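Chains A and B supply the protein sequences, listed in that same order.
Numbered continuously in the working numbering, the first sequence closes out at residue 435.
Numbered continuously in the working numbering, the second sequence closes out at residue 380.
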Amino acid sequence: MTVLAVDGLTVEFATERGTLTALREVSFDIPERSIVGVVGESGCGKSTLINAILGLLADNGDVAGGSMIFEGQHDLGQIGPEAMRALRGQRIATVFQDPMGALNPVLSVGRQMVNIQYRSNLSQREKAARAAGMLRKVRIPDPERQLDRFPHEFSGGMKQRIAIAMALMMEPALLIADEPTTALDATLEVATIELLHDLQRDIGCSILFISHHLGVIAELCDQVIVMYAGEVVERGTVRQIFHRPRHPYTAKLFECDPARLHGRSRMLPTIPGEVPDLRARPKGCVFAPRCHRVTEQCGERPPAQTFESGHAALCWLADKPELAEVQG
Amino acid sequence: MTGDTLLSVDDVSVTFAVGGLAARMAGRPTSIAAVAGVSFAVGKGETFALVGESGSGKTTLARAINGLQPVAGGSIRFEGDSITEHSGAAMKPLRRRMAMMFQDPVGSLSPRLTVRALVTEPFRIHGVEGRDMNAETERLLSLVGLNMDFADRYPHQLSGGQARRVGVARAIALDPALIIADEPTAGLDVSVQGEVLNLLNDLRERLGVSMVIITHNLHVVRQIADRMAVMYLGRLVEQGETEAVYTAPRHPYTAALLSANPEPDPDLARDRITLPAEVPSLMARPNGCEFHTRCPWVRKNCRTEAPAAAGEGDRRFTCHYPLQPGERPPKTEERVHA
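Next up, the structure:
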């Protein structure tokens, strides 16, 4: 079953200088028990995508087209605030970059973890036991005693694990993780990735994982979607995307990753040019103004071409990738 | 380090008061050392990177160097002047020579000032007169690769990378000898990150400015820093030439950090040194070597005796049993338990 099927999603914001199309015809599926990674530059629409899924778009934002079918029944763009509230925290949970922002500084961790079970009929004692059990799952030592402590008494990595424990408390079908490891050092980052991986298998949920860090995406995710200027320019399995990118943007983005350079380089590779103004998109392909393979055909918007097992790219040349094997 | 010393930090500690009367009565600690006994030096024209996780004391140390944070002990000398003896107004002339780039590229720019006003603000703050501000704006923007079309924009009209460039322009406005950059590429995607790092490398060559870069991105460190230091619980556990540290880390924490660094290949065989994820609290520093609670190589005396800094010249490490090149952690059963 598909946990979330996003089809043709378009999100617009009304601004003083005209309508801004933040997401344009975005389509992808999050299958059951899978981890889907989202990569793309700042401003490519990753946050808008999360907010659209959670029903948290700003007042001037609007789902102008398409659908987001959750668990085969609810269209998240249509169900309204009441039904959305019933899903959030229960069936769809989130973990953000800053764990301190997700935890209440004046309540003990145990109190917060009991409070978020407000829909459950368990007794207080049972709820506290579940909270301690969840802390154990995220590998917090001596969990019963930790319930009485306050967020500031934990280190950054532990706070993030507590935030993960709270998000997974109600065993959601979908966890949205927005840059959850950005503030951690490399040793805690890999520990957190491994933890998320284990919990995902254990609980059987799916994860939508957003990160700048291509190494983390490569290590954790089953599938990857690549976004540019509010469009999904490429999607596929993690191996298809990292080993055989078909969109020039994906290939360029990987070339820019300093993790691929094994030694010091005088000039780091970059992608020349700027992301287009989302109020005035180029008529044809959205990446054409910065693309090193641009042709006359690119003045017209390319169709999504689909290849073996769901690998799709929004490019006229997707069937002729460059020397595709990007060196790892 | 080669050449003349620009900045020298000698045995510096920064403490914060915590708790209050209740903590004192209960016998709990009433202060924590966010930075403890840190020593390093930065030469003219050199880029020095401070690496460590959030909360390890990097930003506090940077603020102490800039005089924004009083130190509890030790001394900091910049261009021969002691920073630790100055305060308030006496710091102002020193800050002209030492620019700070704060973490959040957009948040560190006033939203109500235009780019023109932002890049010339350092001249007004330091009372530099008799310059053509229009010419200065053009000069600074061109140094950071922006054209004059940006001069009348506001911060919200800039992308993250452009905002960072404006931050760099402000930092170089008064021709400083040192730039302290706190996470200069955090939140930027890889292509824009590359642009900012190329810009900083380029300015270093053209202006001869020294830099202290604070980051937890190890890939960035390798591309930009001549020398680096690794911080753990407010102490420097290892420092040296960047390539030397990457090639043969001597401290177990450095080795674990370098081996953990995720690489963008889903099929890579990963040979990692895994550490327990429990980082000790500054409120309760471990006895002996402070890394012993997580160290895979821990031996009996590590739990009781604090190691002294060892090494030669620039290469320093604080470990009883520094690693040999390629040394792997012992199997659990081989470890010596106290």
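Cβ atoms here follow ideal geometry from the backbone N, Cα and C, with glycine treated the same way.
Remember, predicted model here, so these are calculated numbers, not experimental data.
With which residues is residue i paired in a DSSP beta bridge?
{"i": "L161 (chain A)", "result": "DSSP lists no partner for L161 (chain A)."}
{"i": "A298 (chain B)", "result": "According to DSSP, A298 (chain B) bridges with nothing at all."}
{"i": "L315 (chain A)", "result": "A:V143 and A:I283"}
{"i": "V340 (chain A)", "result": "Its beta-bridge partners do not exist; DSSP assigns none."}
{"i": "G282 (chain B)", "result": "B:M270"}
{"i": "R358 (chain B)", "result": "B:Q281 and B:G353"}
{"i": "A83 (chain B)", "result": "B:S50"}
{"i": "D136 (chain A)", "result": "A:A112"}
{"i": "R195 (chain A)", "result": "A:I199"}
{"i": "H181 (chain A)", "result": "A:F177"}
Can you confirm whether residue i, when its beta carbon is compared against all beta carbons of chain D, has any partner nearer than 7 Å?
{"i": "E326 (chain A)", "result": "Of the protein chains in this structure, namely A and B, none is chain D."}
Taking all protein chains shown into account, do 16 or more other C-beta atoms lie within 10 angstroms of the C-beta of residue i, making it buried, or fewer, making it exposed?
{"i": "M241 (chain A)", "result": "buried"}
{"i": "R269 (chain B)", "result": "buried"}
{"i": "N243 (chain B)", "result": "buried"}
{"i": "Q366 (chain B)", "result": "exposed"}
{"i": "R267 (chain B)", "result": "One point to set straight first is that residue 267 (chain B) is Ala, not Arg, in the sequence displayed. The residue is buried, with at least 16 neighbouring Cβ atoms inside 10 Å."}
{"i": "I167 (chain B)", "result": "exposed"}
{"i": "D46 (chain B)", "result": "exposed"}
{"i": "Q404 (chain A)", "result": "exposed"}
{"i": "R12 (chain B)", "result": "An answer regarding residue 12 (chain B) cannot be provided, because it is not within the stretch 43 to 380 covered by chain B."}
{"i": "V213 (chain A)", "result": "exposed"}
{"i": "H418 (chain A)", "result": "buried"}
{"i": "A250 (chain A)", "result": "Ala is not the amino acid found at residue 250 (chain A); the sequence shown has Pro there. Looking at its Cβ environment, which holds 16 or more other Cβ atoms inside 10 Å, P250 (chain A) is buried."}
{"i": "Q281 (chain B)", "result": "buried"}
{"i": "P153 (chain B)", "result": "exposed"}
{"i": "D224 (chain B)", "result": "buried"}
{"i": "E429 (chain A)", "result": "exposed"}
{"i": "Y225 (chain A)", "result": "exposed"}
{"i": "K153 (chain A)", "result": "buried"}
List the residues of chain B that residue i touches, going by C-beta distances under 7 Å, in chain order.
{"i": "E338 (chain A)", "result": "Chain B residues near E338 (chain A): none, gap ~16 Å exceeds 7 Å."}
{"i": "P389 (chain A)", "result": "Those within 7 Å of P389 (chain A) in chain B number zero; the least Cβ separation is about 17 Å."}
{"i": "V202 (chain A)", "result": "By Cβ distance, chain B contributes nothing, its closest Cβ being about 16 Å from V202 (chain A), past 7 Å."}
{"i": "H320 (chain A)", "result": "P304"}
{"i": "F257 (chain A)", "result": "Correct list: empty, because the minimum Cβ distance to chain B is about 13 Å."}
{"i": "V323 (chain A)", "result": "P304"}
Residue i touches chain A at which residues, Cβ-Cβ below 7 Å?
{"i": "E320 (chain B)", "result": "P248"}
{"i": "G202 (chain B)", "result": "S149"}
{"i": "R264 (chain B)", "result": "R371"}
{"i": "L317 (chain B)", "result": "T294"}
Roughly how many angstroms lie between the CA atoms of residue i and residue j, to the nearest whole one?
{"i": "G435 (chain A)", "j": "V323 (chain A)", "result": "With a pLDDT of only 37 at G435 (chain A), under the threshold of 50, the placement of this residue in the model should not be trusted, and no figure is reported."}
{"i": "M253 (chain B)", "j": "G172 (chain A)", "result": "49 Å"}
{"i": "N240 (chain B)", "j": "D364 (chain A)", "result": "13 Å"}
{"i": "Q267 (chain A)", "j": "S96 (chain B)", "result": "12 Å"}
{"i": "G62 (chain B)", "j": "A114 (chain B)", "result": "19 Å"}
{"i": "L48 (chain B)", "j": "F165 (chain B)", "result": "23 Å"}
{"i": "V245 (chain A)", "j": "D182 (chain A)", "result": "32 Å"}
{"i": "E119 (chain A)", "j": "S134 (chain A)", "result": "16 Å"}
{"i": "L401 (chain A)", "j": "A395 (chain A)", "result": "Reading off the sequence shown, one finds Val at residue 401 (chain A), where the question assumed Leu. Taking the straight line joining both Cα atoms gives about 6 Å."}
{"i": "G368 (chain B)", "j": "L291 (chain A)", "result": "25 Å"}
{"i": "A286 (chain B)", "j": "S117 (chain B)", "result": "28 Å"}
{"i": "R138 (chain B)", "j": "G122 (chain B)", "result": "15 Å"}
{"i": "V113 (chain A)", "j": "A298 (chain B)", "result": "40 Å"}
{"i": "K390 (chain A)", "j": "G125 (chain A)", "result": "17 Å"}
{"i": "D205 (chain A)", "j": "P287 (chain A)", "result": "7 Å"}
{"i": "S55 (chain B)", "j": "R105 (chain B)", "result": "12 Å"}
{"i": "I74 (chain B)", "j": "Y295 (chain B)", "result": "22 Å"}
{"i": "L375 (chain A)", "j": "L295 (chain A)", "result": "27 Å"}
Check the Cβ of residue i against every Cβ in chain A and list those closer than 8 Å, keeping chain order.
{"i": "R314 (chain B)", "result": "V297"}
{"i": "S124 (chain B)", "result": "Neighbours of S124 (chain B) on chain A: none; closest Cβ ~32 Å, over 8 Å."}
{"i": "N240 (chain B)", "result": "M374, L375 and T377"}
Could you work out which residues of chain A lie near residue i, taking near to mean beta carbons separated by less than 9 Å?
{"i": "S323 (chain B)", "result": "E260, F261 and S262"}
Does at least one heavy atom of the ligand GTP sit under 6 Å from the Cβ of residue i?
{"i": "L421 (chain A)", "result": "In terms of ligand content, the structure shown is empty, and the ligand GTP therefore cannot be addressed."}
Can you pull the chain B neighbours of residue i, defined as C-beta to C-beta under 9 Å?
{"i": "E381 (chain A)", "result": "S201, G203 and Q204"}
{"i": "D305 (chain A)", "result": "Ordered by position in chain B, no residue passes the 9 Å Cβ test against D305 (chain A), which lies about 13 Å from the chain."}
{"i": "F361 (chain A)", "result": "V232 and P306"}
{"i": "P365 (chain A)", "result": "V232, Q235, G236, L239, N259, H261, V262, R264 and Q265"}
{"i": "L291 (chain A)", "result": "E95, S96 and H258"}
Practice item. Give, in chain order, every residue of the stretch 329 to 358 of chain B whose Cβ lies closer than 9 Å to some Cβ of chain A. Key: R336
Q) What are the residues of the stretch 296 to 309 of chain B that lie near chain A, defined by any Cβ-Cβ distance shorter than 9 Å? A) A298, L299, L300, S301, A302, N303, P304, E305, P306, D307, P308 and D309
Closer than 9 Å between beta carbons: that is the criterion. Which residues of the stretch 207 to 238 of chain B meet it against chain A?
A228, G229, L230, D231, V232, S233, V234, Q235, G236 and E237
- Message: Can you pull out the residues from the stretch 247 to 262 of chain B whose beta carbon lies closer than 9 Å to at least one beta carbon of chain A?
- Response: Listed by position along the chain: H258, N259, L260, H261 and V262.
Item to complete: Using a Cβ-Cβ cut-off of less than 7 Å, give me the residues of the stretch 83 to 96 of chain B that come near chain A, in sequence order.
Response: G94, E95 and S96
request  = Mind checking the stretch 338 to 358 of chain A against chain B and listing, in chain order, the residues whose C-beta falls within less than 7 Å of any C-beta there?
outcome  = V345, R346 and F349
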